[in-house]
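Below: one structure, written as structure tokens.
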Amino acid sequence: MEFLDYGLANLALLATMFVGSHFFLSHPPVRKFLIHRWRMGTFRIVYSIIAIVLFLMMYSAYTAAPSVALNLPALTLVPLVVMPFAAILIFCGYTIVNPSAFATENGNYGQAVPGILKITRQPAMWGVGLFALSHMAANPDAAAWIFFGALALEALVGGYFLDRRKKIERQPGWLQLVEQSSFIPFLAIVSGRARVTPGQIGWWRILGGLALSAGLVLTHQALIGVAPLPADWMAKILM
1144 MEFLDYGLAN
1154 LALLATMFVG
1164 SHFFLSHPPV
1174 RKFLIHRWRM
1184 GTFRIVYSII
1194 AIVLFLMMYS
1204 AYTAAPSVAL
1214 NLPALTLVPL
1224 VVMPFAAILI
1234 FCGYTIVNPS
1244 AFATENGNYG
1254 QAVPGILKIT
1264 RQPAMWGVGL
1274 FALSHMAANP
1284 DAAAWIFFGA
1294 LALEALVGGY
1304 FLDRRKKIER
1314 QPGWLQLVEQ
1324 SSFIPFLAIV
1334 SGRARVTPGQ
1344 IGWWRILGGL
1354 ALSAGLVLTH
1364 QALIGVAPLP
1374 ADWMAKILM
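In structure tokens, the structure reads:
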């Protein structure tokens, strides 16, 4: 395998920068220093700009990288099974106030912990992680594994570090949350610390996540250039 190809090396470098910038800027001493210098609002803006720019550069490098097949089976149906759950987690994660998240960490949801947070304190992170891991399973290719592996690493390891930082800070909203939730999905429910029903999550959020998943399937070929389903399946769906 020609793993030293310039395209793959460039992708690997940008993937390292993408993940590394997240971990560096989120490192407690660095984060504390920058917030002290810039204030929280400016820090979040700079953090977001760096993340978006590096992601776009990484994606551009991914689309330009050569195809180097890995000696693994292509589990093409895995994303079709996983993505509805991933999309629900992502949709829910961005439609609630979550003191364990980056953008709304100082938020307060009152007395009732949102149902999705009883499943996991980091729904959006786990959604992105499942999205990335399922696409690695479907694409046994060096470039795909670098790109989606970086997303999975940033989401799951980054989510864990964020969760650990909140544990150290012990903010009131987070303390209320941690009693009825877990970082690992469903762990609080299995251990008996929490109970959740679809109504507590919000049916509109569940349906919104399923609609997002369906929309991604229907627009995948137009947006990405790759059909997520066999051609005859897509033809029947779009008829």
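Under my numbering, think of the first position of the sequence shown as 1144, with each following residue one higher. The beta carbon of each residue, even a glycine, is placed where N, CA and C say it ideally should be.
State the beta-bridge partners of D1284 as determined by DSSP. A1212
Given a threshold of 16 other Cβ atoms within 10 Å of its Cβ, counted over all protein chains shown, does F1167 qualify as buried or as exposed? exposed
For the alpha helix (DSSP H) containing H1179, name the first residue and the last one. P1171 to W1181
Taking DSSP as the reference, what is the three-state secondary structure of D1148? coil
So, does the segment 1287-1306 touch the segment 1268-1275, judging by three or more C-beta pairs under 8 angstroms? yes
With 16 other Cβ atoms within 10 Å as the buried cut-off, status of L1215: exposed
Buried or exposed (CB count within 10 angstroms, at least 16 for buried), K1175: exposed
In angstroms with no decimal places, state the Cα-to-Cα distance between A1158 and G1258. 34 angstroms
Taking 8 angstroms as the cut-off, decide whether the C-beta atoms of P1328 and I1262 are in contact. yes
So what's R1338 in DSSP terms, helix, strand or just coil? coil
Thinking just about the alpha-carbon of each residue, which of A1354, A1155, A1267 and L1330 is nearest to the one in G1301? A1267
First and last residue of the uninterrupted alpha helix (DSSP H) at T1362: W1346 to I1367
By the DSSP assignment, the alpha helix (DSSP H) with I1311 in it spans what residues? G1301 to E1312
What residue range does the alpha helix (DSSP H) around L1330 cover? L1330 to V1333
Contacts around I1178, its chain only, beta-carbon distance under 8 angstroms, and the 5 residues preceding and following it disregarded: F1186
Below 8 angstroms on the Cβ atoms is my guess for A1286 versus L1218; work out the distance and round it to an integer in Å. So it is not a contact: roughly 17 angstroms between Cβ atoms.
I need the boundaries of the alpha helix (DSSP H) containing F1326, first residue and last residue. Careful: F1326 lies outside any alpha helix (DSSP H) and carries neither H nor E.
In chain order, what residues of the same chain have a beta carbon less than 8 angstroms from the beta carbon of L1353, not counting five sequence neighbours either side? P1227, A1230 and I1231
Does I1195 come out as helix, strand or coil in the three-state DSSP assignment? helix
Kindly list the residues whose CB is nearer than 6 angstroms to the CB of D1148, restricted to its own chain and excluding five residues on each side of it in sequence; keep chain order. P1209
Can you give me the C-alpha to C-alpha distance between V1196 and F1161, rounded to a whole angstrom? 9 angstroms
Report back the beta-carbon spacing between L1154 and M1201 to the nearest angstrom; my notes put them in contact at under 8 angstroms. 7 angstroms
Since H1363 contacts A1357 with CB under 8 angstroms, what's their CB separation in whole angstroms? That belief does not hold up - the Cβ atoms of H1363 and A1357 are roughly 11 angstroms apart, past 8 angstroms.
On the three-state DSSP scale, how would you describe N1153? helix
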